[in-house]
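Protein chains: 2
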Amino acid sequence: MQQPNTIALDGMGGDHGPSVVVAGAAISLERHPGLSFLIAGRPSEIEAELEKHPVLKAKSRILPTDIAVAMEDKPSQALRRGKGSSMWLALEAVKKGEADVAVSAGNTGALMAMAKLILRPMADIERPGIAALWPTIESECIVLDVGANIGATARQLGDFAMMGAAMARALFHIENPTVGLLNVGVEDIKGADEVKQAHAWLKDAKLPLEYKGFVEGDQIGQGVVDVVVVEGFAGNIALKTAEGTARQVGQYLKDAMRRTFFSRLGAFFASGGFKVLKHKMDPRRVNGGTFLGLNGIAIKSHGGTDAYGFASAVDLGYEMAQSGLIERLEEDLSTFHAALGAEIEEDKS
Amino acid sequence: MQQPNTIALDGMGGDHGPSVVVAGAAISLERHPGLSFLIAGRPSEIEAELEKHPVLKAKSRILPTDIAVAMEDKPSQALRRGKGSSMWLALEAVKKGEADVAVSAGNTGALMAMAKLILRPMADIERPGIAALWPTIESECIVLDVGANIGATARQLGDFAMMGAAMARALFHIENPTVGLLNVGVEDIKGADEVKQAHAWLKDAKLPLEYKGFVEGDQIGQGVVDVVVVEGFAGNIALKTAEGTARQVGQYLKDAMRRTFFSRLGAFFASGGFKVLKHKMDPRRVNGGTFLGLNGIAIKSHGGTDAYGFASAVDLGYEMAQSGLIERLEEDLSTFHAALGAEIEEDKS
Chain W
1 MQQPNTIALD
11 GMGGDHGPSV
21 VVAGAAISLE
31 RHPGLSFLIA
41 GRPSEIEAEL
51 EKHPVLKAKS
61 RILPTDIAVA
71 MEDKPSQALR
81 RGKGSSMWLA
91 LEAVKKGEAD
101 VAVSAGNTGA
111 LMAMAKLILR
121 PMADIERPGI
131 AALWPTIESE
141 CIVLDVGANI
151 GATARQLGDF
161 AMMGAAMARA
171 LFHIENPTVG
181 LLNVGVEDIK
191 GADEVKQAHA
201 WLKDAKLPLE
211 YKGFVEGDQI
221 GQGVVDVVVV
231 EGFAGNIALK
241 TAEGTARQVG
251 QYLKDAMRRT
261 FFSRLGAFFA
271 SGGFKVLKHK
281 MDPRRVNGGT
291 FLGLNGIAIK
301 SHGGTDAYGF
311 ASAVDLGYEM
321 AQSGLIERLE
331 EDLSTFHAAL
341 GAEIEEDKS
Chain C
350 MQQPNTIALD
360 GMGGDHGPSV
370 VVAGAAISLE
380 RHPGLSFLIA
390 GRPSEIEAEL
400 EKHPVLKAKS
410 RILPTDIAVA
420 MEDKPSQALR
430 RGKGSSMWLA
440 LEAVKKGEAD
450 VAVSAGNTGA
460 LMAMAKLILR
470 PMADIERPGI
480 AALWPTIESE
490 CIVLDVGANI
500 GATARQLGDF
510 AMMGAAMARA
520 LFHIENPTVG
530 LLNVGVEDIK
540 GADEVKQAHA
550 WLKDAKLPLE
560 YKGFVEGDQI
570 GQGVVDVVVV
580 EGFAGNIALK
590 TAEGTARQVG
600 QYLKDAMRRT
610 FFSRLGAFFA
620 SGGFKVLKHK
630 MDPRRVNGGT
640 FLGLNGIAIK
650 SHGGTDAYGF
660 ASAVDLGYEM
670 AQSGLIERLE
680 EDLSTFHAAL
690 GAEIEEDKS
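Which chain is which? The protein sequence lines are W and C, in order. The first sequence begins at 1 in this note's numbering and counts up by one. The second sequence begins at 350 in this note's numbering and counts up by one.
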């Protein structure tokens, strides 16, 4: 029986294992007192951490296992050796309907492979995608795929648009989210035929989203659309490049503020402002890659994050669980596929 | 006869035409008094601007034409209508050996199409690339391709490595530049076979560069390598995303410094530091995409830049012209192609 608002946690995932997972769940529980947890992992270790968080302990059940997927395991190894592991049990809880969402800080490749095996892709979905929340000037947008696959057909890009729109509807509470296709600015360039084809389809089909056409890399952070669609190679590179650039500018700023007595004095007076900036740029605030296109939601937290960052991933899981996203997405996808009808069949591989 | 250090300018290119081109050349001439210029465009307009810069006037010759490629022209239109245009004449001056480098702020697609037609790809090069200078924490690195083409075979990625290394040698004066292949972090992911193949070749071949393996998007700005190689779609998206993120963080900073009386006061005291930061982040400082792989060097300046930004593109042209890059690159490429021998032939399309 499904408990409302139950989240299954891979208790052993991530660089820090149970200490971060349990402490993160405790932070998220303070914000969302209606949550319950299933925590998969070594009982002695999980229990020791739960002792520190009595409120959480009362809302948690342990799914006991001694098996853990290592951060360096390849997906194939994880599938071979990981049956019954903490990652496995968390996903299985979603599959069985005992939890609404699974959250793991374990390694991405292993989690994706296992999630595909256990939750299975939704009917008529060729490839699931990983969606990231991307901070914009005003708020946030959703970017996908950020690395589930390399390359994407036009149909798969269209599917990503539907998945991203469903997630935007769930998180931003907008009925018709705006969607853009990430493209390069150079006109008339050869290649990227799949992007052009997806553009043509999205432009013409009657879909539950507002398609805005092509967007370029510098427009993502401006928040020109709610959802940015791109194949996983370029999407992953864009995400990592943005993270790196933000850190780089932060470093420039630090160096600049240390230069002279006056700049150090100014930095002291402005420290309130810098705190706001630091908060705004804190990567832990938007921690969590969401696997979309499976019969159940799995969220990947950064492996190296702390309890505060892990709590963000749990919060995200909570919001997704509230939303009935999967049912709605199933509907949207069949609308899209029906709209494309015979034409799209040719593209299927 | 080739004048040493002569740069051919597309006098009509860019959003602002001759006013920015001529003023930019004047700034660059102050820094490099040995330079001479050929300026292609409408004589009356160019002359009017040159009147304001007597030193530059004495070092310049006008290549008269009334034809100008429009910023919105498609490459095919530019080729059809642009014969004898200011862009054409600047490239032709390089072809004829009258100038070392051509610099244009005109539109990228048109410039690339025309440069390929006039300068022609180097022997055995399938595709030229566009290289960007990318600011790093410590200095700068070179990233290519940032949008000449979409997609790249393993051989083409290898060629980009040679081109980037030649440029790094010219600009950074390092005999064996470090080179990395941009890839995504997820292990064992399907696809990107061409990246894996290029990796294998670069790892094994004896080449005039130090191959460092894969790098990820967040490592570009850390300056872990001198040259980052990527196909043009992901490269263009990475470049634009980094530019957008830097602007976005700048906006956050501005907002944060305006929040309270103390933060405004602090920002006042720290204004020297902010000036350093602004200079460090000024996109005009690294203005100029370099077309590599042609029998001659062409540099694309941002169309919307001002005189200071255009001067950076001219400075870049000067450094490239000094370097004997083309001759050296020809040698390196034949070393690379010979090293790969028969194996690489299969990959040729």
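All residues carry an ideal CB built from backbone N, CA and C; glycine is no exception.
Helix, strand or coil at residue i according to DSSP, with G and I counted as helix
| i | result |
| --- | --- |
| E231(W) | coil |
| R61(W) | strand |
| V224(W) | coil |
| K589(C) | helix |
| G97(W) | coil |
| K83(W) | coil |
| P424(C) | helix |
| S36(W) | strand |
| E331(W) | helix |
| T260(W) | coil |
| A123(W) | coil |
| E487(C) | coil |
| L602(C) | helix |
| A451(C) | strand |
Chain-ordered chain W contacts of residue i [CB-CB under 9 Å]
| i | result |
| --- | --- |
| V577(C) | Correct list: empty, because the minimum Cβ distance to chain W is about 10 Å. |
Buried or exposed (CB count within 10 angstroms, at least 16 for buried), residue i
| i | result |
| --- | --- |
| R80(W) | exposed |
| S104(W) | buried |
| P526(C) | buried |
| A242(W) | buried |
| D537(C) | The predicted position of D537(C) is uncertain, since its pLDDT is 49 and thus under 50; a value taken from the coordinates is nonetheless stated next. Answer is exposed; the Cβ neighbour count stays below 16. |
| V20(W) | buried |
| K552(C) | exposed |
| H302(W) | buried |
| I137(W) | exposed |
| G637(C) | buried |
| S28(W) | buried |
Closer than 9 Å at the beta carbon, the chain C residues around residue i
| i | result |
| --- | --- |
| E243(W) | G566, D567, T594 |
| G266(W) | L614, G615, A616, F617, F618, A619, S620, G621, G622, F623 |
| F262(W) | F618, A619, S620, G621, G622 |
Cutoff 8 Å: residue i Cβ touching any chain W Cβ
| i | result |
| --- | --- |
| D537(C) | Note on D537(C): pLDDT 49, under 50, position unreliable in the model; the coordinate value appears next. D537(C) counts as touching chain W. |
| R608(C) | yes |
| L626(C) | yes |
| A481(C) | no |
| F509(C) | no |
| I356(C) | no |
| Y601(C) | yes |
| K589(C) | yes |
| I322(C) | A question about residue 322(C) goes unanswered here, because the residues of chain C that appear run from 350 up to 698. |
| I646(C) | no |
| I586(C) | yes |
Unbroken beta strand (DSSP E) run spanning residue i, endpoints
| i | result |
| --- | --- |
| K552(C) | That residue, K552(C), is in no beta strand (DSSP E); its alpha helix (DSSP H) goes 542 to 553. |
| P484(C) | 478 to 484 |
| G529(C) | 527 to 531 |
| V364(W) | Nothing about residue 364(W) can be reported from this structure: the residues present for chain W run from 1 to 349 only. |
| V69(W) | First-last for V69(W): undefined, no H or E at that position. |
| V635(C) | Here V635(C) belongs to no beta strand (DSSP E), and DSSP marks it neither H nor E. |
| A298(W) | 297 to 300 |
Limits of the alpha helix (DSSP H) - the one that residue i falls within
| i | result |
| --- | --- |
| I46(W) | 43 to 50 |
| K116(W) | 108 to 119 |
| D664(C) | 656 to 670 |
| I499(C) | Premise fails: I499(C) is in no alpha helix (DSSP H) and is neither H nor E. |
| A270(W) | Counting along the chain, A270(W) falls outside any alpha helix (DSSP H), and DSSP gives it neither H nor E. |
| L429(W) | Here chain W has residues from 1 to 349 only, and residue 429(W) is not among them. |
Proximal residues of chain C, C-beta to C-beta of residue i below 8 Å
| i | result |
| --- | --- |
| T290(W) | Result: empty, since nearest Cβ-Cβ is about 15 Å, beyond 8 Å. |
| Q156(W) | Those within 8 Å of Q156(W) in chain C number zero; the least Cβ separation is about 12 Å. |
| H280(W) | It should be pointed out that residue 280(W) corresponds to Lys in this sequence rather than to His. Per Cβ cutoff of 8 Å: Y601, A605. |
Below-8 Å beta-carbon distance, residue i vs any chain C residue
| i | result |
| --- | --- |
| M87(W) | no |
| I150(W) | yes |
| I137(W) | yes |
| I125(W) | no |
| M1(W) | Here the model assigns M1(W) a pLDDT of 34, short of 50, so the residue's position is not dependable, and the following value carries that caveat. No, no contact with chain C. |
Proximal residues of chain C, C-beta to C-beta of residue i below 7 Å
| i | result |
| --- | --- |
| Q197(W) | Here the premise fails: no neighbours, minimum Cβ distance about 14 Å. |
Partners in chain W for residue i, counting only beta-carbon separations shorter than 7 Å
| i | result |
| --- | --- |
| G570(C) | G244, T245, Q248 |
| K649(C) | Residues of chain W passing the Cβ test: none, with the nearest at roughly 11 Å. |
Under 8 Å by beta carbon: chain W residues contacting residue i
| i | result |
| --- | --- |
| F582(C) | V184, G191, A192, A234 |
Where residue i meets chain D, residues with beta-carbon distance less than 9 Å
| i | result |
| --- | --- |
| I27(W) | No chain D is present in this structure, whose protein chains are W and C. |
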